[in-house]
Amino acid sequence: MIEFQDQRIDVHIPPGVRHGSRVRLAGQGYPSEHGTEMGDLFLLIQVAPHPHFQVDGLHLFTDVPVDVYTAILGGSVRLATLNGSVLLAIPPQTQAGTTFRLSGQGLPDPDQHEQRGNLYARVQLVLPEQLSQAEVETLRVIARAYQFAVAERCPEQSAAAAAESERYANTCL
Numbered sequence: 008m009i010e011f012q013d014q015r016i017d018v019h020i021p022p023g024v025r026h027g028s029r030v031r032l033a034g035q036g037y038p039s040e041h042g043t044e045m046g047d048l049f050l051l052i053q054v055a056p057h058p059h060f061q062v063d064g065l066h067l068f069t070d071v072p073v074d075v076y077t078a079i080l081g082g083s084v085r086l087a088t089l090n091g092s093v094l095l096a097i098p099p100q101t102q103a104g105t106t107f108r109l110s111g112q113g114l115p116d117p118d119q120h121e122q123r124g125n126l127y128a129r130v131q132l133v134l135p136e137q138l139s140q141a142e143v144e145t146l147r148v149i150a151r152a153y154q155f156a157v158a159e160r161c162p163e164q165s166a167a168a169a170a171e172s173e174r175y176a177n178t179c180l
């Protein structure tokens, strides 16, 4: 709904209309010079930024927060889309910055309404803010096992890894 010349006009904005597009409202503008016909009213579309999605053509981009445990072990997280929320499967050992493509979850094509862009969701790791003493100890055990595995694969780094491990062995997380 817009107001023009003290009149309210219902406006239908077609799906997929982009920032900078023009929408024509036939017969809703100023009268012609002779007053016999009403001119057309053109609206210039300005799309406000979305709080969660960035737009690139028909494609949408968003960040999806994933806790470190789900990133390591795998699982699923809820992801908001334009059509509601979906469960996004997170495979084990997912790295920060990994991007998942959700086909057809982007913006509709203004010329071919059955076609849609994609939604790209980039993983943002969320670390725990507080850890219990038991969690800290468990993580230390895992860290030592990881350093041992690195030393097995890369013997030239084992001395440096051992020195680093000793240096931080008594620090409190």
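Quick note, in the numbering used here, the sequence shown goes up one by one and the last residue is 180.
Every residue gets a Cβ at the ideal spot worked out from N, C-alpha and C, and that includes glycine.
Predicted model, so just to flag it, every value in this text is computed and none were measured.
Bounds of the beta strand (DSSP E) holding Y127 are 126-133. Excluding the 5 residues flanking it on each side, Q131 has same chain C-beta neighbours closer than 6 Å at D70, P72, in chain order. Considered as a whole, the stretch 32-109 harbours 75-80 as its complete alpha helix (DSSP H) runs of no fewer than 4 residues, in chain order. Boundaries for E121: no beta strand (DSSP E) harbours it, and the DSSP string shows neither H nor E there. With fewer than 16 other Cβ atoms inside 10 Å of its own Cβ, I52 counts as exposed.
At the C-beta level, N125 and H66 come within 7 Å of one another. If you check the CB distance, G64 and L48 do not come in under 7 Å.
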